[in-house]
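Okay, so here's the structure we're looking at.
In my numbering, the protein residues as written are 594 to 906.
Structure (structure tokens):
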């Protein structure tokens with residue numbers, strides 16, 4: 594029985610996760626399209642229920658996406674501030690025993706906990722929300738650590754796969770015809786751990802809850818782990834999250850008469866591309882401004898040095 598102050602991983606994590614860690618590691622290492630594992634019943638059942646019961650209200654979180662647009666997604670990064678079961682979780686995941694367990698499962702030693710939960714924490718997605726396929730930022734913006742793992746625990750006691758929202762892992766979303774996709778339903782107390790690299794493409798299709806059940810939402814807790822170093826073959830240039838816009842739906846073929854739903858879907862795809870393009874143009878403009886200022890500073894510095902040189906007489 595978990596107490597209000599108990600943050601020992603052996604109390605919060607299901608015992609079989611410890612017992613089967615080596616077998617889970619074998620699955621993680623051999624998984625396709627990239628290293629990952631799925632662990633059902635990850636938390637002890639009473640603790641998983643406590644996390645669900647105290648999941649924060651949607652209105653408490655930040656619902657602005659990376660493009661500055663209000664969306665059907667709410668995030669609270671600093672889970673320790675939520676108190677109760679989430680303060681227990683915060684203490685648990687930074688403990689040496691927990692980090693050793695996840696390192697044993699993934700084969701990645703020296704894992705580091707992120708005190709800022711940058712991009713992580715509680716995530717709630719309502720109907721209409723999806724997540725374009727992407728690879729994550731590869732360096733922590735504050736510490737410079739290498740991002741190595743995503744650990745997500747889903748908290749949805751009722752979920753039908755027909756509603757969308759399944760986590761999808763992709764080999765190459767740029768080429769839908771040859772892409773290899775693994776879909777994982779966001780079931781209650783299901784933990785998904787996957788390695789984050791320059792090829793760990795993932796996302797989820799838009800949630801479409803039926804009438805009468807739109808009060809439901811897709812709830813999860815996302816934890817990200819880092820290391821100070823990583824294998825040289827995996828080191829890439831520093832970047833933020835890189836998205837791939839969704840491809841044209843397969844059912845839209847030459848000769849098809851477009852329905853109202855088809856047109857709405859096409860408009861949404863175009864709108865998302867426009868939003869991403871505007872964000873990229875803004876980032877390019879900011880970068881150009883920095884470069885211009887840097888050039889101007891160097892130019893004036895060179896002029897001052899020339900003017901200030903003593904003249905021979």
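Note that CB positions come from ideal geometry on N, CA and C, so glycine has one too.
Predicted model only: the values in this text are computed from it and were never measured.
Kindly indicate which three-state DSSP category residue i falls into: helix, strand or coil?
i, result
"residue 714", "strand"
"residue 738", "coil"
"residue 823", "coil"
"residue 830", "coil"
"residue 787", "strand"
"residue 746", "strand"
"residue 862", "helix"
"residue 845", "coil"
"residue 837", "strand"
"residue 904", "Reliability of the predicted coordinates at residue 904 is poor, the pLDDT of 48 falling under 50, and the value obtained from them is presented with this limitation in mind. Residue state, collapsed to three classes: coil."
"residue 888", "helix"
"residue 874", "helix"
"residue 816", "strand"
"residue 850", "coil"
"residue 855", "helix"
"residue 867", "helix"
"residue 879", "helix"
"residue 770", "coil"
"residue 752", "coil"
Residue i: which of the options sits nearest, CA to CA?
i, options, result
"residue 819", "738, 628, 639", "738"
"residue 678", "695, 692, 705, 641", "641"
"residue 707", "733, 656, 838, 599", "733"
"residue 775", "599, 601, 607, 627", "627"
"residue 761", "799, 828, 849", "799"
"residue 730", "682, 695, 790, 747", "790"
"residue 827", "782, 759, 788", "788"
"residue 650", "696, 816, 870, 811", "811"
"residue 772", "837, 709, 816", "837"
"residue 802", "754, 792, 876", "754"
"residue 832", "805, 661, 740, 616", "740"
"residue 758", "691, 792, 722", "722"
"residue 912", "869, 683, 890", "There is simply no residue 912 to check, as the chain begins at 594 and stops at 906 in what is shown."
"residue 602", "632, 616, 693", "693"
"residue 756", "806, 766, 742", "806"
"residue 863", "840, 877, 874", "840"
"residue 720", "853, 644, 852, 667", "667"
"residue 604", "684, 676, 622, 655", "684"
"residue 784", "766, 808, 767, 817", "817"
Provide the residue(s) that pair with residue i in DSSP beta bridges, ordered along the chain.
i, result
"residue 796", "761"
"residue 811", "718"
"residue 776", "761"
Considering only the beta carbon of each residue, do residue i and residue j sit closer than 8 angstroms?
i, j, result
"residue 670", "residue 711", "yes"
"residue 716", "residue 763", "no"
"residue 745", "residue 618", "no"
"residue 861", "residue 842", "no"
"residue 779", "residue 752", "yes"
"residue 748", "residue 635", "no"
"residue 714", "residue 672", "yes"
"residue 599", "residue 681", "yes"
"residue 606", "residue 637", "yes"
"residue 665", "residue 726", "no"
"residue 786", "residue 620", "no"
"residue 705", "residue 695", "no"
"residue 724", "residue 797", "yes"
"residue 728", "residue 793", "yes"
"residue 912", "residue 743", "Outside the modelled stretch of the chain, which goes from 594 to 906, sits residue 912, for which no answer is possible."
"residue 700", "residue 616", "no"
"residue 750", "residue 644", "no"
"residue 885", "residue 782", "no"
Under the criterion of a Cβ to heavy atom distance below 7 angstroms, does residue i qualify as lining the ligand MN?
i, result
"residue 838", "Within the structure as shown, the ligand MN is missing, as the structure has no ligands at all."
Margin query: Please give the ranges of any alpha helix (DSSP H) in the segment 655 to 733, keeping only runs that are unbroken, at least 4 residues long and fully inside the region.
Written below: Along the segment 655 to 733, the alpha helix (DSSP H) occurs as fully enclosed runs of 4 or more residues at 677 to 686, 689 to 699, listed in sequence order.
Checklist line | Within the segment 594 to 656, ranges of the alpha helix (DSSP H) (whole runs, at least 4 residues) | finding: Whole alpha helix (DSSP H) segments, 4+ residues: 602 to 605, 608 to 612, 614 to 623, 638 to 646.
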